[in-house]
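If you're matching positions, the sequence shown starts at 7 in the working numbering and goes up one per residue.
Note that beta-carbon positions come from the ideal geometry of N, C-alpha and C, so glycine has one too.
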Amino acid sequence: MRTRWMILAFIVFATFLTMLFVSNKNKEYSKVHFIDDEKEVIEKYESTVPLKIVFGVEYLPEIEIANPDLLFEIWSKIKNLPVFEYVKSGKSSDDEVTFNGKVYFLNKENKEIQVSGDIRVGDKVYGMEDNPTVKYVRSLMKERVFSVENLVKTLEIHENQIEISTNSSEVKGKDRKVTRIYELLQKSVRVDDSKEIGKALVKYRTPTYEIKVLDDGQKFLRFEILNDKYCSVYYKGNFVELLRISNNS
Numbered sequence: 007m008r009t010r011w012m013i014l015a016f017i018v019f020a021t022f023l024t025m026l027f028v029s030n031k032n033k034e035y036s037k038v039h040f041i042d043d044e045k046e047v048i049e050k051y052e053s054t055v056p057l058k059i060v061f062g063v064e065y066l067p068e069i070e071i072a073n074p075d076l077l078f079e080i081w082s083k084i085k086n087l088p089v090f091e092y093v094k095s096g097k098s099s100d101d102e103v104t105f106n107g108k109v110y111f112l113n114k115e116n117k118e119i120q121v122s123g124d125i126r127v128g129d130k131v132y133g134m135e136d137n138p139t140v141k142y143v144r145s146l147m148k149e150r151v152f153s154v155e156n157l158v159k160t161l162e163i164h165e166n167q168i169e170i171s172t173n174s175s176e177v178k179g180k181d182r183k184v185t186r187i188y189e190l191l192q193k194s195v196r197v198d199d200s201k202e203i204g205k206a207l208v209k210y211r212t213p214t215y216e217i218k219v220l221d222d223g224q225k226f227l228r229f230e231i232l233n234d235k236y237c238s239v240y241y242k243g244n245f246v247e248l249l250r251i252s253n254n255s
C-alpha cells in the first residue's frame, strides 16, 4: 500500500515539474528581447530596405523602379520565397530572356539581382522554376523593359543601325519605313491574351516587312510588321511580345 502511495506521489511531483518547466519556457518565449545597440538595429534595418531596383537586358535602356509601394510588394514577395545558396552553373539557356541589375538599399549598399527561372540576389537564390512569384517578377520586368516607350528609346539610340527588309531583299524608302515604325509603336498596345497572340502569329506567318536593330553589327532586336493590325517583337531571336496597332490617328 505504501509503495503505491510513493509511486502516485512521484507521478504527481513529476507532472508538476513538467508543467512548471513548460510554463517557464512559454514565459521565456513570450518575452520581448531588446537589442541594446541602437546602431546595430539601424544597420540591420537599413541593409534590408530597398530604395530602388535598376534592371534591364543587353542593348536596351535600363529601367528603374523606385515607387515605395511597388518596391515593398516586390521585395516582400521575394523574401517569402524559399532561399538557397547560389551555386554557379555552367548551363545557360538562350530560350528565355534574363534580366540583370542591382538592388540599392537604404544603407547605400547594393546587391546584384538576376531574374530568369529563379531570382538571384547577391549570393542567395530565391524560388525556383514555375514559382508564381518568380513568374510575377519576370513578367513585371519584361513588361517594363519591352514597353512601347523603351522600344522607341532603343530605336532612337540605334537609329543609324537599322536594317529593313522584305523577303530578304532591301526595301526602298528606308527613311519612310523607319518613320512608320515610330508611328506604329507610339499607337500600339501590348497584347496580353495568349489566345490572341497564338492566332496572330499562326495566321500572319509572313510579315509585310521586318525591321532589324543592330549594335556593332550584332542584331539584337527585330520587329515584324505582320499587317496593319499587329507587330511582333523579338529579342535575340526570342519572341517577347505582340503589339496591337491602334487605328486611331
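- Pairing Glu169 with Lys218 gives a Cβ-Cβ distance under 7 Å.
- In this structure, Ala206 lies away from Leu249, with their beta-carbon atoms at least 7 Å apart.
- By the Cβ neighbour-count rule, Phe90 is exposed, with fewer than 16 other Cβ atoms within 10 Å of its own.
- In this structure, the straight-line span from the alpha carbon of Gly243 to that of Thr104 is close to 13 Å.
- Excluding the 5 residues flanking it on each side, Ile251 has same chain C-beta neighbours closer than 7 Å at Leu190, Lys193, Ser194, Asp234, Lys235, Tyr236, Cys237, in chain order.
- The C-beta separation of Phe152 from Gly107 comes to about 15 Å, leaving the pair out of contact by the 8 Å criterion.
- By the beta-carbon neighbour count (other beta carbons within 10 angstroms, threshold 16), Gly133 is buried.
- Beta-carbon to beta-carbon, Thr172 and Tyr215 are separated by about 4 Å, close enough to satisfy the 8 Å threshold.
- When rounded, the separation of the alpha-carbon atoms in Arg182 and Tyr188 is 10 Å.
- Beta-bridge annotation (DSSP): Asp221 is paired with Gln224.
- The Cβ-Cβ distance between Ile69 and Arg196 does not fall below 7 Å.
- In the DSSP assignment, Asn156 falls within the unbroken alpha helix (DSSP H) covering 154 to 163.
- In this structure Phe229 is buried. Its beta-carbon is surrounded by 16 or more other beta-carbon atoms within 10 angstroms.
- Ranked by Cα distance from Arg186, the first of Tyr210, Gly204, Ile231, Asn156 is Ile231.
- Checking the DSSP bridge columns, you'll see Ile187 has no partner listed.
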